[in-house]
Structure formats: structure tokens, C-alpha cells
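Numbering (the numbering used here), first residue to last: 76 to 447. Ideal Cβ placement from N, Cα and C applies to all residues, glycine included.
Printed below as a string of C-alpha cells:
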């Protein structure tokens, strides 16, 4: 645990250094770009850093020393942390970019209890009395900032991999590229399901919702960071397979928990309005399970109200009650439990360091029992 906490600090330092450098470059182009720098710094300040930690422990699982706890290397070999710190920070920048774009697509007003990037830029437009459509300005600016963050993510990864042997660097870049493609594909499948769900039967709706879970979130939240860290360390095929066997089901459980929080989460904890996924019309596994069990007027009501951005608190509570009454929450909790069991079983006898296996089990508990 101490090693994880210290590593998070190193990742934040690397992010701060990159943002300072890129912020200066933007200022040299024009001081008008300072708005983008400020928003980028705020996006990357703090957070749970789960992806960075999975990347670090994927690396430690292969490169770490066998001892009771794999703490960070001593000061004399701290240079060894350069590549893994850069890769972990690159993952966090990639995640920030994905959130910016996701909030645009979902038309979300809040992120972590603060205005989402497009709403923040929209507010700047209004405050400064600029001409034109403030909402379009905000969305356009956020789209560009998300693209910029994607570029910075690649740049930081490449900087870190300069210190890594060629074969390991190539394997790491390949994994990062696959992750980028899968997330983008998953995002598109997500918006597709919001519009095409009515064309499919209950069983197919559930299958397609599970597909979105896998590609939009599960793989890039857990599996990809683990494998990227392991690739930097020079992992063999058996080690990569073990980490994938752990990472995919855990990533699924992670996102299923997120789906529950999107409907039932406490706004004071999640930083988003209660029932936000209901207003956004998210066709999640939770919703597919609910529709499968509901019939008649209850099912029709769910279909009619889901996706209405103007749902009031009473309607949100009614939908929450309907979903609970369907048994979908209990079924989803059961799915989460089974995926966690699959993940933890994959570590039994895996060719990974003992201390990394222990820390990955702790992380599995943290990401699937969270409240935000």
C-alpha cells in the first residue's frame, strides 16, 4: 500500500511537469490558450488513479523483487521508474481525454462535482460576452482539448519508452494502440445502443450492453493498464495471459459497479446528479436486466422515461424503484461477484510476484466496492 501511495505522487509529479511544459508552449502561441491549460490542469489534479496503479502493479508483477511487499525501488535505482511512471501518467491523460469526450456525448453538466469541460468553456463564453452560440463554443473547445490530451498522452508514452529496450517498447506501443482503438469503438457502440436498442430482443439487448461494457470501459480501465505495465517489464506470454485473465473480468465488474452508481449513487459522493444515467438514456446491462424482467405498463414506463433529460426527482425515484422491483439490482450484484471471483481465481498460481498478486487483490476489492 505504501508503494502505491508513493507511486501516485510520482505520477502526479510527472503530470505536473508535462502540463507545465505544454502549457508554456500554448502560451507562446497565444495567451488566449491559457484557458485550455488551466482546464487541463484541473482535469488531471487528483483522482483515484486506478489505471496508473494497475499499470504499476502489472509492471511490479513481472519486474518486482520477491519480498513481502514490493515497495518502490530505493533511491539509487529510482531511475528504473522513469518508463513506468511515464506510461502510467500517459494512461491518466488518456483517461482525462476520454472523460472530456464522453461528457460531450452524454451532454453531462458535471464531472466529479464540478462543471464538465464543455460546460466550463460555455460559461467562459457567457461571462466574457463573446459573440455566437455559447453552447457550441463550449462543446467545440472541449472536443479540441480532448484531442490535445490524446496527443499529449502519446507524446508522454513515447518519452518514457526511450529508456526501454526496443522489443519491449514496441510491445507497449502496440498494447496502447489497441486500447485506443477499443475505447473509441466502445464509445461508438454505446451511442449506437442508445438509438438502436428497440430493434433487438431482450437477450440481444443484454448481449450488446455487455459488449459495450467490455470495450468502452472494462479493457481500458484494468486489462490494458496491467498489460502495458507488464510489457514495459518484458513479460512473457504466460504472464500476459495471467494478467488478462485477471484484468478482463475485473474490468467488467468495475464497470457494472459504475452502472449501479450511475442510477443509485449518492450525488455527494459521485459528484454527479442522482440517476444521471437515466436522464442520459444509457442502455446499460442494468437496464437490459430490468427490461427482461418487467412487463406491461412498468416496462413501457421505463422505455418512455429513459433518456428524458428533464426527468424530475420524483420520476427518477419512480424509475429507481421500478428497477429495484424488477430484481435487476440483485442480479447485477451477482454478476459483479462472479466476475470478481473469476478475476481473483486467475491469480492462483500465476507466474507473477507474490506481493503484486496480493496488491492486485486489494485493488480488486477497492474498484468493485467503491461508492464513486
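Contact annotation: the region 410-420 does not touch the region 305-317, with fewer than three C-beta pairs closer than 8 Å. In the DSSP assignment, residue 228 falls within the unbroken alpha helix (DSSP H) covering 209-236. If you compare the alpha carbons of 257, 182, 93 and 304 with that of residue 288, the shortest gap goes to 257. In this structure, DSSP gives residue 186 an extended state, which the three-state scheme calls strand. By alpha-carbon distance to residue 421, the top candidate from 318, 281 and 330 is 318. With respect to the 8 Å criterion, residue 168 and residue 227 are classified as neighbours on the basis of their beta carbons. Straight through space, the alpha carbons of residue 344 and residue 399 are spaced by roughly 21 Å. Taken through DSSP and simplified to helix, strand or coil, residue 170 comes out as helix. Taking the C-beta atoms as reference points, residue 443 is found no nearer than 8 Å to residue 293. In this structure, the alpha-carbon of residue 170 lies about 21 Å from that of residue 285.
Per DSSP, residue 132 is one residue of the alpha helix (DSSP H) stretching across 125-138. If the five residues before and after residue 220 are omitted, its C-beta is found closer than 7 Å to the C-beta atoms of 111, 114, 115, 175 and 192, all from its own chain and listed in chain order. Relative to residue 404, the option among 376, 379, 368 and 268 whose CA is nearest is 368.
By the C-beta criterion, the region 259-275 is judged not to be in contact with the region 235-248, since fewer than 3 inter-stretch pairs fall below 8 Å.
By the neighbour-count criterion, in which 16 or more other beta carbons inside 10 Å mark a residue as buried, residue 401 falls on the buried side.
Distance from the CA atom of residue 101 to the CA atom of residue 225, rounded to whole angstroms, is 16 Å.
Judged by their CB atoms, residue 165 and residue 231 are nearer to each other than the 8 Å cut-off. Going by beta carbons, residue 161 and residue 250 fall outside the 8 Å limit. The three-state reading of DSSP puts residue 192 in helix, counting H, G and I together. Here the region 321-340 makes no contact with the region 267-279; the two share fewer than three CB pairs at distances below 8 Å. Taking the C-beta atoms as reference points, residue 435 is found nearer than 8 Å to residue 321. Secondary structure at residue 291: helix, using DSSP grouped into helix, strand and coil. Looking only at 324, 348, 206 and 83, the smallest Cα-Cα distance to residue 122 is reached by 83.
A residue is called buried once 16 or more other Cβ atoms fall within 10 Å of its Cβ, and residue 411 is buried on that count. In this structure the region 375-386 lies against the region 345-358, because at least three pairs of beta carbons, one per stretch, are closer than 8 Å.
With contacts defined by Cβ atoms closer than 8 Å, residue 200 and residue 213 form a contacting pair.
Under the three-state reduction of DSSP output, residue 348 falls in the coil class, being neither helix nor strand. For residue 406, the uninterrupted alpha helix (DSSP H) run begins and ends at 403-421, by DSSP.
Using a Cβ distance threshold of 8 Å, residue 253 and residue 163 do not count as a contacting pair. Taken in chain order, the unbroken stretches of alpha helix (DSSP H) that lie wholly in the region 256-325 and span 4 residues or more are 277-287 and 299-307.
Per DSSP, the continuous alpha helix (DSSP H) segment holding residue 380 begins and ends at 371-380. In terms of Cβ geometry, residue 346 and residue 441 do not form a close pair [threshold 8 Å]. Residue 128 counts as buried, since no fewer than 16 other beta carbons sit within 10 angstroms of its beta carbon. DSSP places residue 205 in the coil class of the three-state scheme, outside both helix and strand.
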